[in-house]
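Participant: Below is one structure. I have some questions about it.
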Amino acid sequence: MIITSIPRVGAAGIVILCAVVSAEHAAAGGFYLSQQSVSQVGRGGAGGAVIGGDASVIYSNPAALTTLARPEISLGGSVLMPRVDFEDSGSTAATPGSGGAPAAVGGGDGGNPYDPTFVPNFYLAYPVPGDQLWLGVGVSAPFGIGVKFPKGWFGRYDAIRSELTTVDIAPSLAVKINKYVSVGGGVDIQYAEAYQTAAVPNPFAPGGPSVASDGRSRLEGEDWSVGFNAGILITPVPSTRIGLHYRSGITQDLDGENTISGLTGPLAGGNGRFSAQAALDLPDIATVAASHAFTPELTLFSEFQWFNWSRYKEIRGEFADGRADVVLPQNYRDSIAAVLGAEYAVSNDLTVRCGFRYETTPTRDNYRTTTVPDADNYSLGAGLTYTLFENLKLDVAVFGTLWEDTEIDRTDTFFAGTPAETSTTVKARAESRSITAALGLRYLF
């Protein structure tokens with residue numbers, strides 16, 4: 069890819085491959101998070117579009133609010149504990165200082181760039197008297213990435229630190245048309261805040277750039293934007309449900325600053341703080357799900373999701389001072405996820421659940437970054453709900469994800485078309501896995 073202005077806007081672009089409430093490389097394709105409630109974590113990151121039963125359906129399919137008989141508050145959270153091990157496969161930089169020949173960039177392997185991170189969620193549901201209308205509101209964090217590498221690691225020209233924080237506030241309603249069909253929808257009011265730092269190579273360092281000669285790029289940006297979601301719940305017979313749900317894509321126009329420091333010699337004029345803007349195109353998500361109660365105790369369910377990640381073609385940084393745009397191709401492709409799971413009512417007070425999830429990656433080998441070292445992945449979730457008191461329920465869940473081994477082979481060009489033109493190539497292999505532990509309480513009025 070070509071970076072056309074002297075300051076470079078990071079390997080994830082002006083900002084965006086970063087983390088939610090810092091949600092790291094935790095359990096889904098790209099930087100989408102499937103763990104939006106504790107019960108959903110226990111089902112393998114799915115099931116809410118059709119299972120119903122708690123207020124978190126506001127996120128997965130608001131039409132399923134009609135399965136709730138009483139007002140409910142749900143408060144929960146997940147602790148994400150991902151781990152990625154990178155191995156340098158020959159990362160290089162070709163600079164005037166190296167005579168134009170690729171030279172090893174040096175540096176350590178970065179260690180595990182993720183710290184355990186808490187991601188909360190909140191849902192409130194209210195059945196309006198009359199058994200036809202339900203109201204609700206949800207607060208969740210559906211997208212994010214969060215990494216922090218040592219300043220001297222081999223992938224420093226791709227990223228040193230990246231964070232994207234998203235908060236989605238969703239006022240919702242559902243209507244029971246008749247005993248067979250319910251519909252629901254909501255408005256998604258979404259806030260996004262992003263931060264990223266990366267090293268900038270010194271083109272004139274003898275023999276090639278080094279940690280000591282590097283400059284630094286820091287990016288910050290934020291925006292509010294609006295989308296919507298809508299769903300339908302069909303109950304052809306009391307034991308069978310079919311759920312359909314659509315969540316619109318959202319474009320975040322992130323306004324912020326790009327700060328460049330540490331450039332020396334003829335490039336010193338590139339140091340400074342610059343106003344910048346970039347658009348982040350988040351995907352549409354379509355869900356089809358079905359469940360069947362084989363006995364009063366045992367319910368099996370399946371779910372299929374399609375993610376319109378092909379919207380995410382590039383990150384284009386635009387600068388207020390008229391400098392040339394910075395264009396960073398991402399070229400994501402559409403991805404899918406499929407889940408099979410079960411719930412079993414052991415007693416009136418205890419329900420257990422589990423689910424297996426398979427998801428394809430939207431990333432491509434030549435565009436994949438160290439901030440999103442994604443690959444096809446497999447997840448297994450398990451959890452339970454226990455009635456502590458008549459009005460208070462406890463949800464507990466655990467969720468494990470294993471990614472296929474990932475190859476990264478990404479080239480960026482700095483100072484293109486100038487005597488300082490420099491290209492850096494990050495070549496690496498990544499092994500990833502993650503554990504999520506979730507805990508929540510639900511109060512029924």
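Basically my numbering = 1-based index in the sequence shown + 68. Where a beta carbon is used, it is the ideal one built from N, C-alpha and C, also for glycine.
(1) Going by CA-CA distance only, name the one from Tyr400, Thr419, Glu261, Gly254 that's closest to Asp433.
(2) Just to confirm, are Phe186 and Gly214 a CB contact at a threshold of 7 Å?
(3) For Ala388, which of helix, strand or coil comes out of DSSP?
(4) Is Arg379 helix, strand or coil by DSSP?
(5) In three-state terms, what does DSSP make of Ala227?
(6) Which runs of the beta strand (DSSP E) fall wholly inside the segment 125 to 170 and span at least 3 residues, in chain order?
(7) With distances taken between CB atoms, is the gap from Pro170 to Thr163 smaller than 7 Å?
(8) With H, G and I counted as helix, E and B as strand and the rest as coil, what does DSSP make of Ser316?
(9) Give me, in chain order, the residues of the same chain whose beta-carbon lies closer than 8 Å to that of Ile245; leave out the 5 immediate sequence neighbours on both sides.
(10) Do Leu322 and Ala262 have their beta-carbon atoms positioned less than 7 Å apart in this structure?
(11) With a threshold of 16 other CB atoms inside 10 Å of the CB of Thr486, please say whether the residue is buried or exposed.
(12) For Thr490, tell me which candidate among Val173, Gly158, Ala506 has the shortest Cα-Cα distance.
(13) Using a Cβ distance threshold of 8 Å, determine whether the segment 367 to 379 contacts the segment 110 to 122, with at least three qualifying pairs required.
(14) CB Thr303 to CB Tyr248, shorter than 7 Å?
(15) Quick check on DSSP: helix, strand or coil for Gly508?
(16) Can you name, in chain order, every residue of its own chain whose Cβ lies under 6 Å from the Cβ of Tyr412, other than the five neighbours on each side?
(17) What are the residues that DSSP puts in a beta bridge with Tyr248?
(18) Sorted by chain position, which residues of the same chain lie with C-beta nearer than 7 Å to Ser378's C-beta, five sequence neighbours on each side aside?
(19) Tell me which same chain residues have a C-beta within less than 7 Å of the C-beta of Gly78, skipping the five on either side of it?
(20) Between the segment 294 to 302 and the segment 272 to 286, do at least 3 Cβ pairs fall closer than 8 Å?
(21) For Pro334, name the three-state secondary structure that DSSP assigns.
(22) By Cβ distance below 6 Å, which residues in the same chain neighbour Thr355 in space, the five residues on each side in sequence not counted?
(23) When burial is assigned at 16 or more other CB atoms within 10 Å of the CB, is Lys461 buried or exposed?
(24) Do Val440 and Gly423 count as a contact pair if the criterion is CB distance below 7 Å?
(25) From the DSSP output, in three-state form, read off Gly113 for me.
(26) Sorted by chain position, which residues of the same chain lie with C-beta nearer than 6 Å to Ser128's C-beta, five sequence neighbours on each side aside?
(27) Quick check: the Cα distance between Ala405 and Val243, rounded to an integer number of angstroms?
(28) Just verifying my parser: in three-state terms, what is the DSSP assignment at Val420?
(29) Going by DSSP in three states, Ala488 sits in which element: helix, strand or coil?
(30) Under the assumption that Ser107 contacts Asp122 (Cβ atoms under 8 Å), give the Cβ distance between them as a whole number of angstroms.
(31) Which two residues bound the contiguous beta strand (DSSP E) that contains Asn270?
Facilitator: The structure says:
(1) To locate residue 433, count along the sequence shown from 1; it is residue 365. For the set Tyr400, Thr419, Glu261, Gly254, the Cα lying nearest the Cα of Asp433 is the one of Tyr400.
(2) For this step, residue 186 is matched to residue 118 along the sequence shown. For this step, residue 214 is matched to residue 146 along the sequence shown. No.
(3) In the sequence shown, residue 388 corresponds to position 320, counting from 1. Note: Ala388 maps to coil in three-state DSSP.
(4) In the sequence shown, the residue the question calls residue 379 occupies position 311. Reduced to three states, the DSSP call for Arg379 is helix.
(5) As a first step, residue 227 is located in the sequence shown; it is residue number 159 there, counting from the start. If DSSP states are grouped into helix, strand and coil, Ala227 belongs with coil.
(6) Runs found: 140 to 156, 160 to 162.
(7) Residue mapping note: residue 170 aligns to position 102 of the sequence shown, counting from 1. Residue mapping note: residue 163 aligns to position 95 of the sequence shown, counting from 1. Going by C-beta atoms, Pro170 is not nearer than 7 Å to Thr163.
(8) To locate residue 316, count along the sequence shown from 1; it is residue 248. Residue state, collapsed to three classes: coil.
(9) As a working note, residue 245 is residue 177 in the sequence shown. Its chain contains Val251 as the residues whose beta carbon lies nearer than 8 Å to that of Ile245, once the 5 sequence neighbours on both sides are disregarded; these appear in chain order.
(10) Here residue 262 is taken as the residue at index 194 of the sequence shown, counted from 1. Here residue 322 is taken as the residue at index 254 of the sequence shown, counted from 1. Result yes, Cβ atoms of Ala262 and Leu322 sit closer than 7 Å.
(11) For the purposes of this step, residue 486 is taken as the residue at position 418 of the sequence shown. So Thr486 ends up on the exposed side.
(12) Walking along the sequence shown from the start, residue 490 turns up at place 422. When each option's Cα is compared against that of Thr490, the closest is Val173.
(13) Yes, since at least three Cβ pairs between the segment 367 to 379 and the segment 110 to 122 fall closer than 8 Å, the two stretches touch.
(14) Here residue 303 corresponds to residue number 235 of the sequence shown, with the count starting at 1. Here residue 248 corresponds to residue number 180 of the sequence shown, with the count starting at 1. Yes, the Cβ-Cβ distance between Thr303 and Tyr248 is below 7 Å.
(15) Position 440 of the sequence shown, counting from 1, holds the residue named residue 508. Reduced to three states, the DSSP call for Gly508 is strand.
(16) Residue 412 sits at position 344 when you count from the first residue of the sequence shown. When the five nearest sequence neighbours on each side are left out, the beta carbons in the same chain lying within less than 6 Å of the beta carbon of Tyr412 are those of Glu365, Leu366, Val420, in order along the chain.
(17) Counted from its first residue, the sequence shown places residue 248 at position 180. When beta bridges are read from the DSSP output, Tyr248 appears opposite no residue.
(18) Here residue 378 corresponds to residue number 310 of the sequence shown, with the count starting at 1. Tyr400, Arg401, Asp402, listed in sequence order.
(19) The residue you call residue 78 lines up with position 10 of the sequence shown. Confidence is the limiting factor: at Gly78 the pLDDT is only 34, short of 50, which leaves the residue's position unreliable, though a coordinate-based value still follows. Taken in chain order, the residues that qualify are Ala227, Gln264, Ala266, Ser285, Leu287.
(20) No, because fewer than three Cβ pairs between the segment 294 to 302 and the segment 272 to 286 fall closer than 8 Å, the two stretches do not touch.
(21) In the sequence shown, residue 334 corresponds to position 266, counting from 1. The answer is helix: DSSP assigns Pro334 an H, G or I state.
(22) Counted from its first residue, the sequence shown places residue 355 at position 287. Excluding sequence positions up to five before and after Thr355, its CB lies within less than 6 Å of the CB of Ala117, His313, Gln373, all in the same chain and listed in chain order.
(23) For the purposes of this step, residue 461 is taken as residue 393 along the sequence shown, with counting starting at 1. Label assigned to Lys461: buried.
(24) Mapped onto the sequence shown, residue 423 falls at position 355. Mapped onto the sequence shown, residue 440 falls at position 372. Not closer than 7 Å, so no.
(25) For this step, residue 113 is matched to residue 45 along the sequence shown. The answer is coil: DSSP assigns Gly113 none of H, G, I, E or B.
(26) Your numbering for residue 128 matches position 60 in the sequence shown. Taken in chain order, the residues that qualify are Gly116, Ala117.
(27) Numbered from 1 along the sequence shown, position 337 holds the residue referred to as residue 405. Numbered from 1 along the sequence shown, position 175 holds the residue referred to as residue 243. Distance between the alpha carbons of Ala405 and Val243: 28 Å.
(28) Residue numbering aside, residue 420 sits at position 352 when the sequence shown is read from its first letter. Reduced to three states, the DSSP call for Val420 is strand.
(29) By one-based count along the sequence shown, residue 488 stands at place 420. Three-state result, Ala488: coil.
(30) Position 39 of the sequence shown, counted from the first residue, corresponds to residue 107. Position 54 of the sequence shown, counted from the first residue, corresponds to residue 122. With 8 Å as the limit, Ser107 and Asp122 qualify as a contact, their Cβ atoms being about 6 Å apart.
(31) Here residue 270 refers to the residue found at position 202 when the sequence shown is read from its first residue. The continuous stretches of beta strand (DSSP E) do not include Asn270, and DSSP gives it neither H nor E.
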